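Read through the structure below, which is laid out as structure tokens, and then see the notes.
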Amino acid sequence: MKGIILAGGTGSRLFPVTISISKQLLPVHDKPMIYYPLGMLMMAGIREILVITRSRDRWLFEELLGDGSVFGLSIAYAEQPEPNGLAEAFVIGRDFIGDSAVALILGDNIFYGAGLPEICREAAARESGATIFAYRVDDPQRYGVVSFDGQTGLAETIEEKPERPRSSWAVTGLYFYGNSVVDIAASIRPSARGELEITDVNRAYLARGDLHVCRLGRGFAWLDTGTHDSLHDAASFVRTIEHRQGVKIMCPEEIAFELGYVSADQVLKRAELLGKNDYAAYLRRRIRELADA
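See below:
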């Protein structure tokens, strides 16, 4: 399976902060925002990743992530000139995807919870169909909403930002698809908003009876960082967990070492490059802890 991080858009809800910089490059506590979705794909076992961003921001992502080798990955880049909808990622990334299955994650989504790697690896192992994740929210009108059959528990409907939601389960920004998604995305038409909606892609799988919905219940956190308040909340959440537990959330160097993608020497070299700061000190400490475990 290959992975796509969608990191385009204008970030207009964060103006004036994002007038001159991509939202996905802003810090969420101690890491650039894009590290969180990157770490999520890594934990799913995905090593070939396409970052889709705006033309003006591409070089900044290339400077931050390079070709991915520092994390034991292969990272490529593509451009989305206009924010024409999430499903356009599969149109832009068609050549990158080839005949592989693909996971899509939004560049401003943060996930946290015990068992997430196993859940994601299970989704990635499905050779066909689609797997999406649902999370209970207080304001479902802001999201794509999935409702369930009361008897079978299976997904029944998916609606995009409904005025009267049929449930409180929002569809999160993490999706796993078989290769058929490239043809489905190419076949859908722009919505009234003029966008290729990911909801229409998911509806196509639902109509086929090939949509799996994993509900993230108690013990999981899903945060998007599209507003000033939600960005602050996400940073506070990450800081609280990290200070309490002494381990970092979605640290790609650490994940790469634990998965065997890079060696201890490579991580220590990375720490030396990052200089004398808490992040670099953490990498040195964790390598010692993991090596002695």
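Going by our numbering, the sequence shown opens with residue 91, and the numbers climb by one from there.
Where a beta carbon is used, it is the ideal one built from N, C-alpha and C, also for glycine.
Note that this is a predicted model, so its numbers are computed, not measured.
{"Asked": "If you check the beta carbons only, do Val291 and Ala224 fall under 7 Å apart?", "Found": "no"}
{"Asked": "Does the contact criterion of 3 or more C-beta pairs under 8 Å hold for the stretch 247 to 257 versus the stretch 171 to 182?", "Found": "no"}
{"Asked": "Could you tell me the distance, in whole angstroms, from the CA atom of Thr242 to the CA atom of Leu301?", "Found": "14 Å"}
{"Asked": "By Cβ distance, which residues of its chain are closer than 6 Å to Ala324, with the 5 residues on each side in sequence left out?", "Found": "Val118, Ile200, Leu313, Thr315"}
{"Asked": "Under a three-way DSSP split, which group does Pro106 fall into?", "Found": "coil"}
{"Asked": "What does the alpha-carbon distance come out to for the pair Gly284 and Gln114?", "Found": "23 Å"}
{"Asked": "Specify, as a first and last residue, the run of the beta strand (DSSP E) that Tyr233 falls within.", "Found": "Here Tyr233 belongs to no beta strand (DSSP E), and DSSP marks it neither H nor E."}
{"Asked": "When DSSP labels each residue in this structure, what does Ser164 get in the three-state scheme?", "Found": "strand"}
{"Asked": "Within a Cβ cutoff of 7 Å, which residues of the same chain sit near Ile377, ignoring the five residues on either side of it in sequence?", "Found": "Phe347, Ala354, Val357, Leu358"}
{"Asked": "Can you find a C-beta in chain B that's less than 7 Å from the C-beta of Leu306?", "Found": "The question asks about chain B, but that chain is absent: this structure has only one protein chain."}
{"Asked": "Distance, Cα to Cα, Ile331 vs Tyr125?", "Found": "16 Å"}
{"Asked": "Based on DSSP bridge pairs, tell me the residues matched to Lys121.", "Found": "Val118"}
{"Asked": "Would DSSP call Arg226 helix, strand or coil?", "Found": "strand"}
{"Asked": "Within 8 Å, do at least three Cβ pairs link the stretch 151 to 158 to the stretch 255 to 275?", "Found": "no"}
{"Asked": "How big is the Cα-Cα spacing for Glu249 and Ala361?", "Found": "45 Å"}
{"Asked": "For the candidate residues Glu217, Asp189, Leu321, Glu212, whose alpha-carbon lies nearest to that of Asp120?", "Found": "Leu321"}
{"Asked": "Please tell me whether Ile142 and Leu104 are closer than 7 Å, where the distance is taken between their beta carbons.", "Found": "no"}
{"Asked": "Are Ile339 and Val352 touching if we call contact CB-CB under 7 Å?", "Found": "no"}
{"Asked": "Return yes when the Cβ of Gly203 is within less than 7 Å of the Cβ of Gly420, no when it is not.", "Found": "Here the chain comprises residues numbered 91 to 383, so residue 420 is not present and cannot be evaluated."}
{"Asked": "Quick one: what does DSSP say Thr317 is sitting in, helix, strand or coil?", "Found": "coil"}
{"Asked": "Would you tell me roughly how many angstroms separate the C-alpha atoms of Val227 and Ile209, rounded to the nearest one?", "Found": "20 Å"}
{"Asked": "With DSSP collapsed to three states, give me the class of Ile339.", "Found": "coil"}
{"Asked": "Using DSSP's beta-bridge definition, name the partner residues of Tyr199.", "Found": "According to the sequence displayed, residue 199 carries Asn and not Tyr. Asp314, per the DSSP bridge assignment."}
{"Asked": "What's the C-alpha gap between Leu363 and Thr221?", "Found": "38 Å"}
{"Asked": "Assign Gln231 to buried or exposed, taking buried as 16 or more other Cβ atoms, counted over all protein chains shown, within 10 Å of its Cβ.", "Found": "exposed"}
{"Asked": "Per the DSSP calculation, Phe151 is bridged to which residue(s)?", "Found": "Looking at the DSSP assignment, Phe151 forms no beta bridge with any residue, so it has no partner."}
{"Asked": "Could you say which of Ala282, Met91, Gly183, Pro171 lies nearest to Met132 if we only look at CA atoms?", "Found": "Met91"}
{"Asked": "Check the C-beta distance from Gly99 over to Pro173 and give it rounded, since I have them as a contact under 8 Å.", "Found": "5 Å"}
{"Asked": "Using the Cα positions of Asp198 and Asp382, report the straight-line distance between them to the nearest angstrom.", "Found": "35 Å"}
{"Asked": "Apply the 10 Å Cβ neighbour rule to Glu217 and answer buried if 16 or more other Cβ atoms are within range, or exposed otherwise.", "Found": "exposed"}
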